[in-house]
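As they're listed, the protein sequences go chains A, B and C.
Everything in the first sequence is counted per numbering that gives the first Met the number 0, starting at 0 for the first residue and increasing by one.
Everything in the second sequence is counted per numbering that gives the first Met the number 0, starting at 0 for the first residue and increasing by one.
Everything in the third sequence is counted per numbering that gives the first Met the number 0, starting at 0 for the first residue and increasing by one.
Don't be surprised by glycine CBs; every beta carbon is placed ideally from N, CA and C.
Fair warning: this is a prediction, and the values are worked out from it, not measured in the lab.
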Amino acid sequence: MAAAPKIPIEPSYRDIDRSVLRIMEPASMAYWAWIGFCFTLVAIAAGFWLRQIYSGLGVTGLQQPVMWAIYITNFVFWVGIAHSGTLISAILFLFRTKWRTAVYRAAETMTIFAVATAGLFPLIHLGRVWLFYWLLPYPNQRYLQPDFRSPLVWDAFAVSTYLTISSLFWTMGLIPDIANAREAATGWRKKFYTVLAMGWQGTDRQWRHYSMAYLLMAGLATPLVLSVHSVVSWDFAMAINPGWHSTIFAPYFVAGAIFSGVAMVITLLIPMRRLLGIEDLLTEWHFDNLAKVVLLTSLVVSYAYITEAFMTWYTGDPIEQMTFHMRYFGPWGWMYWVMVLCNCVIPLLLFSPRIRVNLRALWVITIFVNIGMWFERFVIIAGSLTANFEPSQWASYRPSVTEIMITIGSFAWFLGLFSLFSRFLPIISMTELKEGIVWLRKALKMDRVKAA
Amino acid sequence: MSTNPKRAHRERAAAKPQAVESVADMTLQTVAGAMIAIGVIAFASALIRGAAAIAWEAYLVNLLFFLGVAQGGVVASAAFYLTQAKWGGSTLYRLGEAFAPFLWVGFFLFFGLYFGRSAIFPWVTHPIAQKAAWLNTPFLFARDGIGLGVMAAASFAFIRVSRGDDARAWTIATDDIELPPHSIRVLAPLVAVLFAVVYTLISFDLVMSLAPVWRSTLFGWYFFAGAFWSALTAMALTAVVLRARLGENNLFTNPIVMHDFGKMVFAFSVFWVYLVFAQYIVIWYGDLPVETFFIVQRVHHMPWSPLSVACLALIWLIPFTALMSVRAKKRPLILGSVAGLGLVGMWLERYVLVVPSLSLDAIPFGLTQFLISIAFLGAFLISAVPGLNRVAQAATSGEPFGDGAE
Amino acid sequence: MSTIAIISSFADDAQCAHAIEELRAAQVGDFNTFSPIPSHRIEHAIGRKKSPVRWIVLMGGISGILTGLAITIGTTYEWRLDAGGKPLLSWPPFIIICFELMVLFGGIFGFLGVLMLSGIPATEIAPGYNGRFGEDRFGIMVRCDEAEAARVESMMRESGAEEIVREGVQ
Chain A
0 MAAAPKIPIE PSYRDIDRSV LRIMEPASMA YWAWIGFCFT LVAIAAGFWL
50 RQIYSGLGVT GLQQPVMWAI YITNFVFWVG IAHSGTLISA ILFLFRTKWR
100 TAVYRAAETM TIFAVATAGL FPLIHLGRVW LFYWLLPYPN QRYLQPDFRS
150 PLVWDAFAVS TYLTISSLFW TMGLIPDIAN AREAATGWRK KFYTVLAMGW
200 QGTDRQWRHY SMAYLLMAGL ATPLVLSVHS VVSWDFAMAI NPGWHSTIFA
250 PYFVAGAIFS GVAMVITLLI PMRRLLGIED LLTEWHFDNL AKVVLLTSLV
300 VSYAYITEAF MTWYTGDPIE QMTFHMRYFG PWGWMYWVMV LCNCVIPLLL
350 FSPRIRVNLR ALWVITIFVN IGMWFERFVI IAGSLTANFE PSQWASYRPS
400 VTEIMITIGS FAWFLGLFSL FSRFLPIISM TELKEGIVWL RKALKMDRVK
450 AA
Chain B
0 MSTNPKRAHR ERAAAKPQAV ESVADMTLQT VAGAMIAIGV IAFASALIRG
50 AAAIAWEAYL VNLLFFLGVA QGGVVASAAF YLTQAKWGGS TLYRLGEAFA
100 PFLWVGFFLF FGLYFGRSAI FPWVTHPIAQ KAAWLNTPFL FARDGIGLGV
150 MAAASFAFIR VSRGDDARAW TIATDDIELP PHSIRVLAPL VAVLFAVVYT
200 LISFDLVMSL APVWRSTLFG WYFFAGAFWS ALTAMALTAV VLRARLGENN
250 LFTNPIVMHD FGKMVFAFSV FWVYLVFAQY IVIWYGDLPV ETFFIVQRVH
300 HMPWSPLSVA CLALIWLIPF TALMSVRAKK RPLILGSVAG LGLVGMWLER
350 YVLVVPSLSL DAIPFGLTQF LISIAFLGAF LISAVPGLNR VAQAATSGEP
400 FGDGAE
Chain C
0 MSTIAIISSF ADDAQCAHAI EELRAAQVGD FNTFSPIPSH RIEHAIGRKK
50 SPVRWIVLMG GISGILTGLA ITIGTTYEWR LDAGGKPLLS WPPFIIICFE
100 LMVLFGGIFG FLGVLMLSGI PATEIAPGYN GRFGEDRFGI MVRCDEAEAA
150 RVESMMRESG AEEIVREGVQ
């Protein structure tokens with residue numbers, strides 16, 4: 000019955016708290032400069048958006064038949080990124096995966112801000128943004144209602160549900176940690192955390208309800224993850240355009256979402272680990288496992304590309320074959336091969352255990368994955384539209400300054416929010432790390448043995 | 000016995016079971032042999048009296064179903080290594096691998112299809128010029144034969160390592176941080192990747208090509224996901240049966256083991272129905288005749304419509320509702336019934352995929368098809384006997400299991 | 000006899016759970032615990048029934064499905080648009096909406112249910128709460144008569160309590 004023997008190199012609960020709470024101490028000038036930089040880019044993007052609202056969508060490069068291009072690509076890209084957070088926090092929770100604890104809060108935070116970023120794009124894409132509420136069903140004197148047989152309406156429901164549920168799940172997980180932070184804080188931070196923690200005191204009654212609700216929400220979030228990106232993929236698959244109408248889209252997009260999302264988690268965590276000094280808590284083992292998820296989903300995505308290519312030939316449909324011929328060898332063919340290189344070839348390096356734990360190499364690989372996945376969405380969405388059924392309608396598309404600046408702004412918005420959060424609220428779940436402390440000590444020991 | 004469930008589980012595990020060497024006695028082997036003999040006679044008589052089509056249909060459906068179970072089991076074992084599943088000790092891995100010998104049986108039986116090719120493949124009697132480069136007899140049999148052969152060889156290489164001392168020691172080590180032995184880390188992903196590729200190919204060639212105009216990019220994934228589920232279900236059913244037959248304190252008497260089987264059957268049945276919906280809604284919405292006819296024939300028109308509904312009920316609705324609660328998953332009677340019904344459902348699903356392309360207006364199922372199916376079942380059971388003996392030995396060896404989580 | 004509160008703190012949840020088992024066996028007063036993590040051992044030692052949050056989530060899910068059906072069927076009948084020849088009441092799209100709303104309502108009800116059942120937002124600090132219980136100590140606060148106090152304290156000490164504090168309570 001004695002307390003676990005405390006060896007200095009093995010962390011105790013208090014060591015965990017200190018490591019995580021230390022991140023939330025007042026930040027340096029460099030940090031504020033970074034935040035300033037991000038939000039300056041956001042302000043510039045907002046300016047371009049205002050100009051677009053004023054002048055109309057003509058300031059973009061959109062033209063028939065390519066009416067969906069960069070904005071929708073960004074939308075799908077960000078929703079995809081969001082999925083990995085829920086995978087790590089909810090699905091791996093149900094599998095009782097041990098290595099999830101140190102990374103899940105950061106991943107889930109990424110989810111919230113990615114969905115928030117994604118949700119802007121359908122609005123940006125509306126010419127008359129102020130009429131967005133027409134998407135919602137409400138009684139009106141002209142008896143007009145959204146058409147529930149349209150995939151765009153399913154999308155509105157799915158993404159809103161996803162944003163809400165992710166936020167609730169994230170908030171629930173944060174409450175005990177904020178309560179912990181409240182104790183150690185002083186001054187205005189103490190007031191801030193006290194309000195946010197809502198009086199959580201970790202009584203048995205509270206934990207009992209919390210644990211059950213957490214399990215149920217994880218159980219709800221799991222099918223939600225599958226459904227949301229499936230619904231997003233059905234925005235395209237429901238059409239009969241070649242290149243879009245394909246039954247494999249739903250699970251293929253979900254796998255692609257997890258692929259780009261986990262890659263983005265790794266891209267964010269590796270610098271974060273260094274900048275925030277949490278190397279002890281985010282060990283190589285965590286990245287090894289994250290990299291394996293990236294590898295698995297890369298194989299799934301490659302499988303989908305090959306299946307689609309085969310099926311195009313197999314159907315013998317001349318229009319479908321022309322669309323894919325354009326995709327592989329047309330004016331934008333270079334994008335397709337960049338995509339194949341980044342998504343299918345480069346991740347094969349992750350078969351090597353040494354590369355998986357080489358954080359520099361891993362970081363570069365995940366950057367390539369994100370580039371590849373962005374191009375994949377663009378190739379599918381805009382590429383399929385450029386050359387469709389009617390050759391006289393074929394047209395190209397070139398993004399305008401507005402679209403480019405808004406795209407850059409969206410990345411800055413995401414990174415800025417994520418960076419803000421990481422300094423003001425616990426970016427690693429102290430509660431769950433403590434729960435999994437036995438495993439954490441083993442992981443650290445292995446890490447140190449290997450380093451020695 | 001302690002009231003703490005985890006501690007009770009360990010105490011129960013510590014109670015030694017009686018070792019069982021063999022689970023299948025001569026009765027099983029004799030009966031299975033008789034089943035095979037009768038089936039072969041039925042098959043031959045159908046060929047002789049000119050009803051070749053129905054014989055070969057039954058042959059193909061059963062080949063697809065039983066190969067799927069056998070291969071899915073090996074893939075399940077590989078997947079357990081990759082996810083570091085220790086909840087069933089080494090017994091779990093032996094259970095997945097138990098059905099593997101049928102892979103070689105299936106491999107040879109696949110070549111048997113050559114003799115029935117004109118009865119099964121419409122493009123043999125009416126070649127399709129545009130697809131002839133892919134759908135022609137030599138190429139099809141070569142690629143699928145090589146695929147199944149490579150798959151079987153890789154599976155057995157994997158099984159040999161999995162039965163080795165290193166792997167076995169890993170499966171019963173309660174330390175949950177060490178990775179499995181190196182050769183497993185190579186062979187398990189290989190088996191998993193090959194499964195996806197080969198079984199996609201098999202589904203395109205042996206099922207989709209029976210309606211050569213039809214296409215669905217999801218079909219391969221849908222097919223092998225169903226095969227994987229049928230394997231998990233077969234493993235769950237075997238676990239329930241062995242639980243009763245193996246005497247006290249065998250590993251399957253542990254409710255946590257039953258719970259985990261129940262969770263797997265539940266979860267993958269939901270995944271299967273998700274794939275069904277994903278395929279259906281795209282085809283429904285697009286309403287392209289070249290795609291819809293396949294679904295309409297099977298789901299919306301008589302006489303196949305009730306069978307499709309039955310498949311949905313057996314594979315998804317019943318497992319979903321019956322296995323939702325934690326308590327139900329732990330009850331062997333419920334898990335066993337659901338698993339049994341599920342296997343019938345998946346067999347029926349293979350039937351509904353294959354046969355309407357060959358015989359649309361009536362459901363051909365008579366004594367001949369029944370006996371042929373029984374023959375395949377007999378062959379499957381006989382080939383599983385050595386594997387099941389290993390499972391019995393592992394389940395009654397009293398070895399530790401679980402990840403030692405406190 | 001006045002009621003007093005005895006607050007003990009433990010470094011390890013196994014010790015805390017053991018103390019709780021003793022307390023329950025001795026049936027002395029009532030108690031609540033504080034812990035930095037949700038410990039299965041402690042939860043099991045306390046032995047209360049499963050949380051009713053699951054029923055709240057179930058209710059939420061069912062109301063989500065019903066709302067989905069109401070919205071989709073209701074609005075379709077309100078404006079009978081022939082879209083692509085699809086039937087007015089097409090179940091595949093409606094299933095999607097019902098599913099999403101089931102998850103949405105289930106989640107919202109569950110979250111609100113947790114807040115309500117846990118008594119948060121709470122404006123008062125529970126008596127006996129100490130910042131360390133959020134960090135790395137497990138605490139038990141026992142309310143009992145002064146007469147029982149010594150017995151309770153010795154039970155706590157035997158189970159390995161690090162610190163025991165007695166406080167008067169009104």
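Residue-chain proximity (residue i, chain C), Cβ-Cβ < 8 Å
i                : result
Tyr142 (chain A) : yes
Phe156 (chain A) : yes
Ile280 (chain B) : yes
Asn73 (chain A)  : no
Trp283 (chain B) : yes
Residue i versus residue j - alpha carbon distance
i                : j                : result
Pro317 (chain A) : Val212 (chain B) : 14 Å
Met0 (chain B)   : Ser304 (chain B) : Note that Met0 (chain B) scores 48 on pLDDT, short of 50, meaning its location in the model is unreliable; the coordinates nonetheless yield the value given after this. If I take the Cα positions, the gap works out to 53 Å.
Gly172 (chain A) : His324 (chain A) : 49 Å
Ser1 (chain C)   : Ile139 (chain C) : 19 Å
Trp315 (chain B) : Val272 (chain B) : 6 Å
Leu241 (chain B) : Ser202 (chain B) : 32 Å
Leu46 (chain B)  : Tyr58 (chain B)  : 12 Å
Ala36 (chain B)  : Gly365 (chain B) : 18 Å
Ser336 (chain B) : Met234 (chain B) : 13 Å
Phe74 (chain A)  : Arg376 (chain A) : 10 Å
Val164 (chain C) : Val141 (chain C) : 11 Å
Ile247 (chain A) : Pro222 (chain A) : 18 Å
Thr237 (chain B) : Leu66 (chain B)  : 17 Å
Residue-chain proximity (residue i, chain A), Cβ-Cβ < 8 Å
i                : result
Arg162 (chain B) : no
Ser153 (chain C) : no
Arg133 (chain B) : Reading the sequence as shown, one finds Trp at residue 133 (chain B) and not Arg. By this cut-off, Trp133 (chain B) is an interface position.
Arg47 (chain C)  : yes
Tyr273 (chain B) : yes
Tyr198 (chain B) : no
Thr136 (chain B) : no
Val210 (chain C) : For residue 210 (chain C) there is no data in the structure shown, the boundaries of chain C being 0 and 169.
Member of the options whose CA lies at the smallest distance from the CA of residue i
i                : options                                : result
Trp283 (chain B) : C:Val27, C:Ser89, C:Arg40              : C:Ser89
Phe293 (chain B) : B:Leu357, B:Ala321, B:Ala84            : B:Leu357
Pro64 (chain A)  : A:Lys441, A:Leu424, A:Asn387, A:Val253 : A:Asn387
Ile427 (chain A) : A:Phe76, A:Val102, A:Leu56             : A:Val102
Thr322 (chain A) : A:Leu275, A:Ala381, A:Ser210           : A:Ala381
Ala238 (chain A) : B:Asp204, B:Asp286, B:Tyr279           : B:Asp286
Beta carbon proximity, residue i to chain B, threshold 8 Å
i                : result
Ala290 (chain A) : no
Lys490 (chain A) : Because chain A spans 0 through 451 in this model, residue 490 (chain A) falls outside it and cannot be assessed.
Contact set for residue i: own chain, Cβ-Cβ below 6 Å, skip 5 residues either direction
i                : result
Gly452 (chain A) : For residue 452 (chain A) there is no data in the structure shown, the boundaries of chain A being 0 and 451.
Ser301 (chain A) : Cys343
Val239 (chain B) : Pro331, Leu334, Gly335
Val337 (chain A) : Phe374
Cutoff 7 Å; reference residue i; Cβ partners in own chain excluding five residues on either side
i                : result
Trp33 (chain A)  : Ser418
Phe270 (chain B) : Ala224
Pro121 (chain B) : Leu209, Pro211
Ser76 (chain B)  : Tyr92, Gly95, Glu96, Ser161
Interface residues of the stretch 74–93 of chain C facing chain B [CB-CB below 9 Å]: Gly83, Gly84, Lys85, Ser89, Pro91, Pro92
Along the stretch 127–153 of chain C, where does the CB come closer than 7 Å to a CB of chain A? Name the residues. Tyr128, Gly130, Phe132, Gly133, Glu134, Asp135
Got a sec: which bits of the stretch 245–256 of chain A sit with their beta carbon under 9 Å from any beta carbon on chain B, in order along the chain? Ser245, Thr246, Ile247, Phe248, Ala249, Pro250, Tyr251
Taking any Cβ of chain B, which residues in the stretch 303–315 of chain A have a Cβ under 7 Å from it, in chain order? Thr306, Glu307, Met310, Tyr313, Thr314, Gly315
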